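K.L.:
My questions will all concern the structure given below.
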Amino acid sequence: MTRTLSSVAMMTVLFSVAAPLHSQDVDFKSSGSKATLIELYSSEGCSSCPPAEAWVSNLKTAPGLWGDLFPVVFHVDYWDGLGWPDRFAKTAYTQRQRNYAARLGQNSVYTPEFVTSGREWRGWFDGGRHPSAIETSGELSLRIKEGGKSVTALYTPTAEAGSQAYTVNVALLGFNISSEVKSGENGGRHLLHDFVVLDLASKSMGTGQNISSGPLELKPSTGDPAGAIVAWISTSNGSIVQMAGGWLKPAVSSANASDQTSAAAQADLR
23 MTRTLSSVAM MTVLFSVAAP LHSQDVDFKS SGSKATLIEL YSSEGCSSCP
73 PAEAWVSNLK TAPGLWGDLF PVVFHVDYWD GLGWPDRFAK TAYTQRQRNY
123 AARLGQNSVY TPEFVTSGRE WRGWFDGGRH PSAIETSGEL SLRIKEGGKS
173 VTALYTPTAE AGSQAYTVNV ALLGFNISSE VKSGENGGRH LLHDFVVLDL
223 ASKSMGTGQN ISSGPLELKP STGDPAGAIV AWISTSNGSI VQMAGGWLKP
273 AVSSANASDQ TSAAAQADLR
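Its first residue numbered 23, the sequence shown is counted upward by one per residue in my numbering.
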């Protein structure tokens with residue numbers, strides 16, 4: 023069931039959530055002139071959402087992951103009063119989805135909903151592989167400290183960009199996180215989450231060249247370990263102009279481990 027609300031390199035690098043986070047600094051930099059930010063709006067209380075989340079989970083094996091493909095899964099809270107409180111849901115994520123609805127002229131929000139690089143994408147419902155990349159510009163660099171607890175972004179726009187106000191958005195992501203849902207539409211099901219947003223921080227960067235955000239502080243809202251971080255630069259009209267990110271503690275995984283993760287996600291949908 024879908025609920026709506028009226029409202030304005032093929033080598034896979036997988037993260038082991040059982041391992042502790044790195045204490046040393048980690049640096050990331052945008053890697054090209056095209057990329058796609060895939061946002062999924064989901065809920066543990068929505069029975070239509072597990073297939074969409076399984077599709078996103080399979081992107082862990084995508085060749086362009088952390089290069090031209092950046093998935094994030096936001097859990098919204100408008101399902102929480104219908105039988106199952108989602109521990110990953112935040113009102114701020116619901117508001118983010120509502121802001122998209124207002125900007126895109128939608129008269130409702132729903133789950134599962136995909137937004138790609140700031141635009142609604144319904145290709146998943148038609149069996150689409152993943153959306154096309156958008157043109158990105160400028161260079162985004164990230165300095166990650168304390169295993170993702172503190173992030174500083176530096177963005178250098180192109181000279182052609184002119185004078186614009188920029189905002190940096192940083193999402194801390196969890197992987198291989200399981201939930202035993204006791205009630206609601208998914209009652210009795212075991213759900214597996216990847217790319218799930220554990221915390222989000224946004225900060226205005228102002229205008230100019232070589233713009234620094236200063237430190238942004240993040241903390242997993244559920245106590246689950248963070249596996250990756252993604253940041254993107256947006257403009258005042260909501261356009262996304264650059265992305266960067268990656269694993270906080272990479273570990274080379276065997277093909278069997280990858281297959282088992284995918285199989286577990288799919289088995290739960292039968």
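Glycine residues also receive a C-beta, built at the ideal position from the N, C-alpha and C atoms.
As the structure is a computational prediction, the values presented were derived from the model and not from experiment.
1) Does R118 come out as helix, strand or coil in the three-state DSSP assignment?
2) Less than 7 Å between the beta carbons of Y63 and Q119, yes or no?
3) Grouping DSSP H, G and I as helix and E and B as strand, with all else coil, what is S201?
4) Could you tell me whether the segment 90-101 touches the segment 225-242, using the rule of 3 or more Cβ pairs below 8 Å?
5) Buried or exposed: P93, going by 16 or more other Cβ atoms within 10 Å of its Cβ?
6) Just to confirm my understanding: we take D90, look at its own chain, exclude 5 residues before and 5 after, and list those with CB closer than 7 Å. What are they?
7) Could you tell me the distance, in whole angstroms, from the CA atom of R235 to the CA atom of V190?
8) According to DSSP, is F92 part of a helix, a strand, or is it coil?
9) Could you give the residue range of the alpha helix (DSSP H) that holds W146?
10) Considering only residues of the same chain and omitting the five flanking positions on each side of L195, which have a CB-CB separation below 7 Å?
11) Just to confirm before moving on: does the CB-CB distance between S200 and P134 stay below 7 Å?
12) When DSSP builds the beta bridges, which residues end up paired with V137?
13) Please classify H212: is it buried, with 16 or more other beta-carbons within 10 angstroms of its beta-carbon, or exposed?
14) Would you list the one or two residues that DSSP bridges to V263?
15) Among residues of its own chain, excluding the 5 on either side of L238, which ones have a beta-carbon nearer than 6 Å to its beta-carbon?
16) Could you give the DSSP three-state label for R165: helix, strand or coil?
17) Output the distance between the C-alpha atoms of E75 and L176, rounded to the nearest integer angstrom.
18) Just mark S65 as buried or exposed, buried being the case when its beta carbon has 16 or more other beta carbons within 10 Å.
19) Relative to the C-alpha of A187, which candidate in L240, G260, V203 has its C-alpha closest?
20) Nearest to T229 by CA position, among G245, G184, E207, V203, is which residue?
P.N.:
The relevant details are as follows:
1) The residue you call residue 118 lines up with position 96 of the sequence shown. Reduced to three states, the DSSP call for R118 is helix.
2) Residue mapping note: residue 63 aligns to position 41 of the sequence shown, counting from 1. Residue mapping note: residue 119 aligns to position 97 of the sequence shown, counting from 1. Their beta carbons are under 7 Å apart, which means Y63 touches Q119 by this criterion.
3) Indexing the sequence shown from 1 puts residue 201 at position 179. Strand, per DSSP.
4) no
5) On the sequence shown, position 71 is the one that residue 93 refers to. So P93 ends up on the buried side.
6) Numbered from 1 along the sequence shown, position 68 holds the residue referred to as residue 90. Scanning its chain for C-beta atoms nearer than 7 Å, with the 5 sequence neighbours on each side dropped, one finds around D90 the residues G54, K56, A57, T58, A155, in chain order.
7) Taking the first residue of the sequence shown as 1, we reach residue 235 at position 213. Taking the first residue of the sequence shown as 1, we reach residue 190 at position 168. Sequence check: residue 235 is Ser here, not Arg. One C-alpha to the other measures close to 7 Å.
8) On the sequence shown, position 70 is the one that residue 92 refers to. Correct three-state label for F92: strand.
9) The residue labelled residue 146 in the question sits at position 124 within the sequence shown. Per DSSP, W146 lies in no alpha helix (DSSP H) segment and is marked neither H nor E.
10) If you number the sequence shown from 1, residue 195 lands on position 173. Cβ neighbours of L195 beyond the five flanking positions: V94, F217, V218, V219, L220, A248, G249, A250, I251, V252.
11) Locating residue 200 in the sequence shown gives position 178, where the first residue counts as 1. Locating residue 134 in the sequence shown gives position 112, where the first residue counts as 1. If you check the CB distance, S200 and P134 do not come in under 7 Å.
12) Your numbering for residue 137 matches position 115 in the sequence shown. DSSP, once it has assigned bridges, lists E61, E142 as partnering V137.
13) Reading the sequence shown from its first residue, position 190 is the one you call residue 212. Flag for H212 reads exposed.
14) What you label residue 263 is simply residue 241 of the sequence shown in a count that begins at 1. Paired residues: none, contrary to the question.
15) Residue numbering aside, residue 238 sits at position 216 when the sequence shown is read from its first letter. Answer for L238: V173, V192, A223, K225, listed in chain order.
16) Taking the first residue of the sequence shown as position 1, residue 165 is located at position 143. Note: R165 maps to strand in three-state DSSP.
17) Taking the sequence shown and counting its residues from 1, one reaches residue 75 at position 53. Taking the sequence shown and counting its residues from 1, one reaches residue 176 at position 154. Cα-Cα distance, rounded: 31 Å.
18) In the sequence shown, counting from the first residue as 1, residue 65 sits at position 43. Buried, because 16 or more other Cβ atoms sit within 10 Å of the Cβ of S65.
19) Within the sequence shown, residue 187 is the residue found at index 165, counting from 1. Checking every option, the nearest Cα to that of A187 belongs to G260.
20) Start at 1 with the first residue of the sequence shown, and residue 229 comes out as number 207. The residue with the shortest Cα to Cα distance from T229 is G184.
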